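Numbering (this note's numbering), first residue to last: 161 to 257.
Following: one structure in structure tokens, then a few remarks.
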């Protein structure tokens, strides 16, 4: 009962362009969310490229301190990291320690 209510609430707030994507799963709120996520995450490569471009274009401004520059670089790195796709890589090679 609650899931139908949640699904109805989600579906109600969608515009017509997005309702098309979720018509087949409109009674399952998780499926609605997953479908919308899959449809809209296709722009992620563009966002990653733009965030990397922003990172590489950071330069020290005339009146900027090094700590302020470092903060801008760290902020740009956090943005790049948050847009990175999950790979499942844990950092080690099996059999090597």
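Even glycine gets a Cβ: it sits at the ideal position worked out from N, Cα and C.
Quick caveat: nothing in here was measured; it's all calculated off a predicted structure.
Over what stretch of residues does the alpha helix (DSSP H) that includes residue 237 continue unbroken? 226-243
Return helix, strand or coil for residue 214, following the three-state DSSP convention. helix
Let's see if you can read the secondary structure: which residues bound the alpha helix (DSSP H) around residue 182? 176-182
Proximity below 7 Å, CB of residue 220 to CB of residue 229: yes
Residue 188 CB to nearest chain E CB: under 7 Å? The chain inventory of the structure shown lacks chain E, comprising one protein chain alone.
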